[in-house]
Structures are given as C-alpha cells and as structure tokens.
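Report on the following structure.
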Amino acid sequence: MNKKELEAKYGKKLIKKIFSEGHLDGCTIALNKDGSKDIPESDIRRAIREINNEEIGIFDWD
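Quick note on the numbering used here: the sequence shown kicks off at 2 and runs consecutively.
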C-alpha cells in the first residue's frame, strides 16, 4: 500500500505517528516494478500493535 492508501484506511494521525516515531524498520518499504513505494500492510498492523503495547509474536515479523 502507498502512504495515501494507509492514511485513508487507518487515519492520517496514526500513520504520521508510525512514521515519525520510527515504528517501521528500514526493510519495511519495498519498490514495485514501476518504482513506486509499497508498504506491506502487515508491517503497519505490527506497528499498531507495538504502539498499543500489545504482544508481538515471532510470526508477526516478516
């Protein structure tokens, strides 16, 4: 998903918090064949769980 799609689904405030507070690691963003950025939604869900202080199991990491 691109950043605008994530903002539409999860809200601008939450997505801004995820990016500004470093909840995504450096391997989170991939490039599509056309060169556009792709952010795996599973990484966003993991970051939300981290923000909410929920347990993150080994299978939550790619």
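Each residue gets a CB set at the ideal place from its N, CA and C atoms; glycine is no exception.
By the neighbour-count criterion, in which a residue is buried when 16 or more other Cβ atoms sit within 10 angstroms of its Cβ, Arg46 is exposed. The beta carbons of Asp39 and Ala31 sit about 5 Å from each other, so the pair counts as a contact at 8 Å.
By the 16-neighbour rule on beta-carbons within 10 angstroms, Ile16 is buried. Less than 8 Å divides the Cβ of Asn3 from the Cβ of Ser37. Between Gly23 and Ile52, the alpha-carbon positions lie close to 11 Å from each other.
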